[in-house]
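Have a look at the structure below before the remarks.
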Amino acid sequence: MSNCDSTSSTNNWRPFLLGVILLPFEVYWVTIAEMKYGSQATALPLFIYPVFILFCLVIVNHGLLTFCNWRLLTIADLLTVYAMLVIGTSISAYGMLQDLFAVVVHPYRFSTVENEWQDLFFHYIPPHFTVSNPKILIGYYEGESSFYQLEHIRSWLYPIITWISFTLVLLTIMHCLNTILRRQWIQDEKLSFPIIQLPLNLVQPSNFFSAHFLWLGFTTVAVFDILSGLNIMFPSVPHLHLKLHDIQQYFIEKPWNAMGRTRISFYPFMIGIGFFLPLDLSFSCWFFFLLRKLSRILSTYLGLNQIPGFPFFHQQSAGAWVCLATIAFWLTRKHLALVLRVAVSPSSQIDEAEPMRYRLALIGLIVGGLFLLVFGGLAGISVWATITFFSIYFTIAVAVTRLRAEFGAPHGIFNHPLEMMITVFGSKCWGADELTSMTFFFWFNRGYRPHPMPNQFEALKIAEAARIKNNQILWAMIVAGIISLVCAFWVNLDMMYRDGATSKVTGFRLWVGNGAMNQLSSWLQNPITSEWQQIGFISFGAFFTFILFWFRILFFWWPLHPAGYSLAVSFAIDYFWCPFFISWLLKTIVLKTVGVKGYQRVVPFFFGLILGDFVAGALWMIVGMVADVPVYHIFI
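In this text, residue positions in the sequence shown follow my numbering: the first is 20, and each later residue adds one.
Written out as structure tokens, the structure is:
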């Protein structure tokens, strides 16, 4: 990782002002590109939008320095702006607020006599969660209307206040947790943070842009993306199709057809990102993915596929992620004890350089927890249910943050807390009002791919590398969170009423709302008890993850990483197993043939793969928005 020079610290207002100016434009870009034109770029571990904007700022800054001997922004300024943009992207992303607008008003539009939603749970829906007037929702779904009507604004006011307040509390709790974990993970364990390698090197253009291998990778990928984009508009333009080749069509006989959809893709940006992953993790990811496919085939051969759900990968995933979080807390136990001692000691100065003092962080956790209890109580959720739900949620959040900090791998996790609660305790254990209200939480815990907590934590590592004060980067993220939330609500509602969620908003995720409400309907119509078979596989997933972790401690040569297993069975790498295989193979060859020095020489090439793909992909998204035409997307 590149070290930023000592002159990079900043105490001026420029990065904050620039971030505040850029955030509304970025949130608008993210929302329109993904909701209206179907991009899913925020499903990636490294976001295209802030990287592209940072690239443009660096080019302008470097040009001013070269030709005018004056630079607008220091390294720390650039990275502060980048951190603010990352937070804005995370909040407005697919898997966060984009899914909120697919869930919160869904039942009032799609209730029918057949699905019986109105009789089943309408009377349990908290009125401050949603808009219930069907007339107000006509324009929302059909378009050709305007949000800026008094009746529309008045109807949406309480849901906007509710969900902005709720999300700000979630973000605050994450900041408190990150403050508590920062010293242990960043300074003591010195985790690697692969995802921030590119922005940290990008802000030092004199060294970064002079590497010939960088431009070789950049140009190769950019030319490919340009041709692919032109092919969308003009089919006669030749291009290579490198995405989503499903090989299932070649395995049509039993038991081989049990492997299911198996896609081969050659995403250049993910080959680049995978090159910075530890070899044991990239190997484990594709190894356990293939093992997962093989187990499906073997299950069919043995007739075990007659057991509904076997081999219960979804449940194995739940156990694996809980175990990873438990391991993370166990490794941090001594530091957590230190945090408690410092928090109760008025004279201790150990936490003086932290984003906030440990005492304030613990108070923030307590106050945030009390808010969630009151919020849940007002929505008809019991104290026990609220504690259980958010304990699971923040447990997974810690596991995801640890994974990103240590390995940088993508993390599509579909084990949401309510589903785990139903599996373990059954739906009969929870009241219909509790199930209904917690179903409306589906939007922020369905997939975890753009989760704010790991992005917040990476910003703290960026602050250390650029010698930015931790409390300064914290305030930058807080400001970014507030602005992004307000802008995201405005952009989504403006777009929905203008274009129509089911009319011209082609990226609107109707299936997210359907999935949440159909599941709720199923639980209410057919209550279930504890699923002991599934609980067994949750336990197996946790146990197997622990065994992999223990073997890594006992045997230094052990090649299988527990995170690779958890990623493979949670379907996080279904799109990326092939790029990971390629990057693993290339990195292995490089290290075995030319060693560490050779590895350092080729690193710029893989930076170029990421940057070329992201810059070309971002430009195509801008062309699509300006010209209002379908364009090439570098992902999906």
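Note that beta-carbon positions come from the ideal geometry of N, C-alpha and C, so glycine has one too.
CB of residue i within 9 angstroms of CB of residue j, strictly
| i | j | result |
| --- | --- | --- |
| MET514 | MET54 | yes |
| GLY338 | PHE570 | no |
| GLN137 | THR50 | no |
| LEU41 | VAL77 | no |
| MET536 | PHE129 | yes |
| ILE592 | TRP275 | no |
| GLY387 | MET375 | no |
| PRO471 | GLY500 | yes |
| TYR113 | GLN168 | no |
| PHE66 | VAL39 | no |
| PHE35 | TRP494 | yes |
| LEU190 | ILE497 | yes |
| GLY519 | GLY57 | no |
| SER301 | GLY560 | no |
| ILE502 | PRO43 | yes |
| ILE205 | GLY427 | no |
| LEU630 | LEU97 | no |
| GLY162 | VAL531 | no |
| PHE654 | GLY643 | no |
| GLN491 | ALA482 | yes |
| GLY236 | GLY627 | yes |
Residue(s) in a DSSP beta bridge with residue i
| i | result |
| --- | --- |
| ARG282 | ASP265 |
Segment limits, alpha helix (DSSP H) that includes residue i
| i | result |
| --- | --- |
| VAL70 | 67-87 |
| TYR101 | 94-110 |
| SER540 | 529-544 |
| ILE653 | Unbroken run through ILE653: none, as it is neither H nor E. |
| PRO218 | 216-221 |
| ASP513 | 489-518 |
| ASP299 | 298-321 |
| ILE572 | 551-573 |
| PHE294 | 287-294 |
Under the three-state DSSP convention, the category residue i falls into
| i | result |
| --- | --- |
| MET375 | coil |
| ALA230 | coil |
| HIS580 | coil |
| GLU135 | coil |
| HIS435 | coil |
| GLY526 | coil |
| TYR467 | coil |
| ASN31 | coil |
| PHE460 | coil |
| TRP121 | Per the sequence shown, residue 121 should be read as Ala rather than Trp. Looking at ALA121 - three-state DSSP - the assignment turns out to be helix. |
| GLY114 | coil |
| GLY57 | coil |
| MET20 | Since pLDDT at MET20 reaches only 44, below the 50 mark, its modelled position is unreliable, and no value is offered. |
| LYS480 | helix |
| PRO224 | helix |
| HIS258 | coil |
| TRP449 | coil |
| THR548 | coil |
| GLY338 | helix |
| GLY38 | helix |
| PHE426 | coil |
| SER184 | helix |
| PRO274 | coil |
| SER130 | coil |
| LEU210 | coil |
| ASN63 | The residue you asked about is not Asn; residue 63 is Leu in the sequence shown. Coil at LEU63, not helix or strand. |
| LEU91 | coil |
| ARG486 | coil |
| VAL443 | helix |
| TRP473 | Sequence check: residue 473 is Pro here, not Trp. Reduced to three states, the DSSP call for PRO473 is helix. |
| GLY248 | helix |
beta-carbon residue i near the ligand FMN non-hydrogen atom, thresh 8 angstroms
| i | result |
| --- | --- |
| VAL498 | Looking for the ligand FMN in the displayed structure turns up nothing, as the structure carries no ligands at all. |
Whole alpha helix (DSSP H) runs in the stretch 145-182 with 4 or more residues, listed along the chain? For the stretch 145-182, the full-length alpha helix (DSSP H) segments reaching 4 residues or more read 153-161 along the chain.
Runs of 4 residues minimum, wholly inside the stretch 343-413: which ones carry the alpha helix (DSSP H) assignment? Whole alpha helix (DSSP H) segments, 4+ residues: 352-363, 377-397.
- Item | Every unbroken alpha helix (DSSP H) within the stretch 590-646, with a cutoff of 4 residues, ordered by chain | Within the stretch 590-646, the alpha helix (DSSP H) runs of at least 4 residues that lie entirely inside it are, in chain order, 596-612, 614-646.
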